[in-house]
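Asker: Sharing a structure, written as structure tokens. Questions coming.
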Amino acid sequence: DAGVIQSPRHEVTEMGQEVTLRCKPISGHDYLFWYRQTMMRGLELLIYFNNNVPIDDSGMPEDRFSAKMPNASFSTLKIQPSEPRDSAVYFCASSFLNTGNTIYFGEGSWLTVV
Amino acid sequence: RKEVEQDPGPFNVPEGATVAFNCTYSNSASQSFFWYRQDCRKEPKLLMSVYSSGNEDGRFTAQLNRASQYISLLIRDSKLSDSATYLCVVNGRITALIFGKGTTLSVSS
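Taken in order, these protein sequences are the chains called R and C.
Going by this note's numbering, the first sequence opens with residue 1, and the numbers climb by one from there.
Going by this note's numbering, the second sequence opens with residue 1001, and the numbers climb by one from there.
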């Protein structure tokens, strides 16, 4: 079975550019999560969706970040404009039934903003 | 107080050693508890769930103390392949999974 699929795997972009990260959750999973990982802050929850509806976006750092889930099989995380401090690994994850269940991560999108 | 706190380590142990990691959490309403493992430059993966009565999975034993809001992971007979970062994970009744920053283990021969 296919796991969570993220793209791009690696991206290097210049400060001020727009960055769009993409995620396809595991088929049948009704929860989708976006996490960001840095050495300093560890894994931070940015936002999560249930049945395509954003439930908690309190972790989104600022207005430069936005996330959408137009359907059950696709989500995007957009940063506009990007800044060097956004450099991190962005993980998408999905789970089934409730937020207390095991979540499965994609391989991550490694973002570097120069 | 951070939601999930772990000793970052690193823990450097020889093969065959027993090592224990601890974790504390702040949300008394947390209902689900896990240990995840993350290899270098990889995504986190579930190691084991943690149940109220404690549970074992081979060389790994997890314990939960709700009164003290404390979770532990014991690894017996450490292998080189156990070298990784171990993430303590909890959730609340309505919140998504919150991850600790992880404890790094290095097992040497």
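Heads up, the beta-carbon is just placed ideally off N, CA and C, and yes, glycines get one too.
Values in this document were obtained by computation on a predicted structure and should not be read as measured data.
1. For the segment 64-93 of chain R, which residues have a beta carbon sitting closer than 7 Å to at least one beta carbon of chain B?
2. In chain R, which residues lie with their C-beta within 9 Å of the C-beta of L1046(C)?
3. Compare the beta carbon distance of L1046(C) and A1062(C) with 8 Å and say whether it is the shorter of the two.
4. Using DSSP bridges, identify the partner residues of G42(R).
5. Tell me, please, whether the CB atom of A1029(C) is closer than 8 Å to any CB atom in chain R?
6. Are three or more beta carbon pairs between the segment 1001-1013 of chain C and the segment 1100-1108 of chain C nearer than 8 Å?
7. Starting from A1084(C), trace the beta strand (DSSP E) in both directions and tell me its first and last residue.
8. Let me check one thing: in DSSP terms, what residues is R1037(C) bridge-paired to?
9. Compile a chain-ordered list of the residues in the segment 32-49 of chain R whose CB is closer than 7 Å to at least one CB of chain C.
10. Report the option in L111(R), L43(R), N52(R) whose CA atom is closest to the CA atom of I79(R).
11. Does the pairing of the segment 1051-1069 of chain C with the segment 1018-1035 of chain C give three or more beta-carbon distances under 8 Å?
12. List the DSSP bridge partners of V113(R).
13. My assumption, with CB atoms under 8 Å, is that T1085(C) sits in contact with G1058(C). Please give the rounded CB distance.
14. If you follow the beta strand (DSSP E) that A93(R) is part of, which residue opens it and which one closes it?
15. Tell me D1057(C)'s beta-bridge partners as DSSP assigns them.
16. Would S95(R) and K24(R) be called neighbours here (beta carbons separated by less than 8 Å)?
17. Just the Cα atoms here: how many angstroms apart are M1048(C) and L46(R)?
18. Apart from the five residues on each side of it in sequence, which residues of its chain come closer than 7 Å, Cβ to Cβ, to P8(R)?
19. Can you tell me whether R85(R) is helix, strand or coil according to DSSP?
20. Cβ of A1084(C) less than 8 Å from any chain R Cβ?
Answerer: Working from what's here:
1. Note that chain B does not occur in the displayed structure, where the protein chains are R and C.
2. Here residue 1046(C) refers to the residue found at position 46 when the second sequence is read from its first residue. Simply T102, I103, Y104.
3. For this step, residue 1046(C) is matched to residue 46 along the second sequence. For this step, residue 1062(C) is matched to residue 62 along the second sequence. Going by C-beta atoms, L1046(C) is not nearer than 8 Å to A1062(C).
4. What you label residue 42(R) is simply residue 42 of the first sequence in a count that begins at 1. In the DSSP output, where bridge partners are listed per residue, G42(R) has T38(R).
5. Within the second sequence, numbered from 1, the residue matching residue 1029(C) stands at position 29. Judged by the 8 Å Cβ criterion, A1029(C) is not in contact with chain R.
6. yes
7. Along the second sequence, one-based indexing puts residue 1084(C) at 84. A1084(C) -> beta strand (DSSP E) spans 1084-1091.
8. Counting from one through the second sequence, the residue named residue 1037(C) turns up at place 37. DSSP output for R1037(C) lists K1045(C), Y1086(C) as bridge partner(s).
9. F33, G42, L43, L45, Y48
10. Numbered from its first residue, the first sequence carries residue 79(R) at position 79. Cα-wise, what sits closest to I79(R) is L111(R).
11. yes
12. Numbered from 1 along the first sequence, position 113 holds the residue referred to as residue 113(R). Bridge partners of V113(R): T13(R).
13. Position 85 of the second sequence, counted from the start, is the residue given in the question as residue 1085(C). Position 58 of the second sequence, counted from the start, is the residue given in the question as residue 1058(C). Their Cβ separation, rounded to whole angstroms, is 19 Å, which puts T1085(C) and G1058(C) out of contact at 8 Å.
14. By 1-based counting over the first sequence, the position of residue 93(R) is 93. Run containing A93(R): 88-95, per the beta strand (DSSP E) assignment.
15. Here residue 1057(C) corresponds to residue number 57 of the second sequence, with the count starting at 1. Per DSSP, F1060(C).
16. Residue numbering aside, residue 95(R) sits at position 95 when the first sequence is read from its first letter. Residue numbering aside, residue 24(R) sits at position 24 when the first sequence is read from its first letter. Against a cut-off of 8 Å, the Cβ pair of K24(R) and S95(R) comes out as no contact.
17. On the second sequence, position 48 is the one that residue 1048(C) refers to. On the first sequence, position 46 is the one that residue 46(R) refers to. For M1048(C) and L46(R), the distance between alpha carbons rounds to 24 Å.
18. In the first sequence, residue 8(R) corresponds to position 8, counting from 1. So the qualifying residues of the chain are S109.
19. As a working mapping, residue 85(R) is identified with position 85 in the first sequence. Of the three classes helix, strand and coil, the one that applies to R85(R) here is helix, per DSSP.
20. Position 84 of the second sequence holds residue 1084(C). It does not: the Cβ of A1084(C) has no partner Cβ on chain R nearer than 8 Å.
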